[in-house]
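Residue numbers for the sequence shown follow numbering that gives the first Met the number 0, so the first one is 0 and each next one is one higher. Backbone N, C-alpha and C fix where the C-beta goes; we use that ideal spot for every residue, glycine too. Here the structure comes first, spelled out in structure tokens, and everything after it is commentary.
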Amino acid sequence: MSVMAAAREEDGTSMTATAVAGPIVALEGIRKSYGEVEVLRGVDLTVATGQVLSIIGASGSGTSTLLRCINLHERPNAGTVRIDGRPVNYTERDGRRIPVRERDLRRLRADIGIVFQQFNLFPHLTALANVTEAPRAVLRMGRAEAESWGRELLAQVGLAEKADQRPAQLSGGQQQRVAIARALALRPRIMLFDEVTSALDPELVDEVLRVMQRLAEKGMTMLVVTHEIGFAEDVSDRVVYMDEGIVVEEGTPQEVIRHPQRGRTQAFLQRVLRRRA
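And the structure:
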């Protein structure tokens with residue numbers, strides 16, 4: 000059991016109770032191709048409310064594509080994405096699957112926040128304006144309410160004093176924390192993190208990981224694609240190792256990271272840990 004899972008058991012918020020109601024995220028037979036290249040080859044995964052799932056694997060293994068299929072930044076070629084038991088990547092009509100409409104996608108993406116490797120902040124806007132733009136446009140918040148909410152979020156990520164600074168005035172770690180605050184601004188129930196520390200200098204990684212750990216402590220449902228194996232071990236309830244577009248191994252951090260059963264998992268972890276030694 001991970002450190003975070005044990006902590007949640009101690010305070011009475013373990014996954015045992017929430018899993019009974021069914022997973023909040025369920026992926027069934029997800030396939031994704033780009034031309035003749037099949038990146039995902041039939042992936043099945045479930046995530047319970049409040050659970051932290053870390054997805055590890057080498058670059059090109061399909062981890063990031065899988066994450067982007069969940070909120071349909073990438074649309075699967077086959078399979079079903081279910082949120083709260085309901086398919087979200089299609090509707091059924093006369094026995095046929097109809098692709099989801101754009102207005103439904105906007106609602107879905109408000110419920111599922113995503114943070115990418117690149118910060119993608121608007122360079123001409125302050126940190127506060129970057130955070131408040133979405134709630135004003137999507138949630139129709141007034142300026143005063145949005146700014147109050149944005150300052151609260153910046154305080155949560157440790158950047159209250161940086162509200163009026165533009166991205167060029169911030170370090171990479173600070174920009175990524177603003178990006179996390181921006182993703183939280185729509186009050187999502189699920190957060191996706193796509194290798195969010197990969198573009199950072201090593202000394203800036205920890206400040207971003209601490210923000211993510213605090214979100215986990217608060218019970219946020221999180222799916223995290225990461226090469227930070229220590230973070231995956233300490234914070235995750237479950238870990239998935241992917242290779243060549245399939246799930247090779249899945250289990251607790253202790254099972255997958257400390258005692259992997261598959262040779263491909265063992266070889267990957269040896270390579271990653273050797274580079275970080």
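**Message:** Need the endpoints of the beta strand (DSSP E) that GLY229 sits in, please.
**Reply:** GLY229 -> not in any beta strand (DSSP E); alpha helix (DSSP H) instead, spanning 228-234.
**Request:** Kindly list the residues whose CB is nearer than 8 Å to the CB of TYR89, restricted to its own chain and excluding five residues on each side of it in sequence; keep chain order.
**Result:** Here the set comprises THR79, ARG96, ILE97, PRO98, VAL99.
**Request:** Put VAL255 into one of helix, strand or coil per three-state DSSP.
**Result:** helix
**Asked** In this structure, does DSSP put SER147 in helix, strand or coil?
**Response** helix
**Prompt:** So, is TYR240 buried or exposed, given that buried needs 16 or more other C-beta atoms within 10 angstroms?
**Reply:** buried
**Asked** In three-state DSSP terms, what is LEU152?
**Response** helix
**Request:** Pair every Cβ in the segment 232-247 with every Cβ in the segment 41-60, then say whether three or more of these pairs are closer than 8 Å.
**Result:** Touching, yes.
**Item:** Rounded distance between the beta-carbons of ALA178 and PHE118, thought under 8 Å
**Value:** 5 Å
**C-alpha gap between THR264 and GLU249, whole angstroms** = 10 Å
**Request:** Starting from THR79, follow its DSSP beta bridges and name the residues at the other end.
**Result:** In DSSP, THR79 forms a bridge with GLU27.
**Request:** Identify, in the order they occur along the chain, each residue of the same chain with its Cβ nearer than 8 Å to the Cβ of ILE228, setting aside the five sequence neighbours on each side.
**Result:** Here the set comprises ILE55, ILE256, LEU268, VAL271, LEU272, ARG275.
**8 Å contact criterion, which GLU73 and THR64 should meet: CB distance rounded** = 6 Å
**Message:** For GLY172, report the span of its alpha helix (DSSP H) as first-last.
**Reply:** Segment 171-183, the alpha helix (DSSP H) holding GLY172.
**DSSP state of MET3 mapped onto helix, strand, coil** = Only weak support is given to the placement of MET3: the predicted model assigns it a pLDDT of 47, under 50, and the value that follows is read from those uncertain coordinates. It is helical.
**Message:** So, with DSSP's three-state summary, where would you put PHE267?
**Reply:** For PHE267, the secondary structure class from DSSP, reduced to helix, strand or coil, is helix.
**Asked** When we look at the beta-carbon of VAL207 and count the other beta-carbons within 10 Å, is it buried (16 or more) or exposed?
**Response** buried
**Prompt:** Does the Cβ of ALA184 have 16 or more other Cβ atoms within 10 Å, making it buried, or fewer, making it exposed?
**Reply:** buried
**Prompt:** Any idea which residues DSSP pairs GLU248 with across the strands?
**Reply:** In the DSSP assignment, GLU248 is bridged to TYR240.
**Item:** Backbone CA spacing between ASP10 and TYR33 [nearest angstrom]
**Value:** Since pLDDT at ASP10 reaches only 43, below the 50 mark, its modelled position is unreliable, and no value is offered.
**Message:** Need the endpoints of the alpha helix (DSSP H) that VAL87 sits in, please.
**Reply:** That residue, VAL87, is in no alpha helix (DSSP H); it is neither H nor E in DSSP.
**Asked** CB-CB under 7 Å to LYS31, same chain, minus the five flanking residues each way: which ones, in chain order?
**Response** Answer for LYS31: VAL38, LEU39, THR64, CYS68, GLU73, PRO75, ASN76, listed in chain order.
**Request:** Evaluate the contact criterion for the segment 147-162 versus the segment 122-132: three or more CB pairs, one atom per stretch, below 8 Å.
**Result:** yes
**Request:** Check ARG165 in the structure and name its three-state DSSP category.
**Result:** coil
**Asked** If we count the other Cβ atoms within 10 Å of its Cβ and call it buried at 16 or more, is ASP163 buried or exposed?
**Response** Answer is exposed; the Cβ neighbour count stays below 16.
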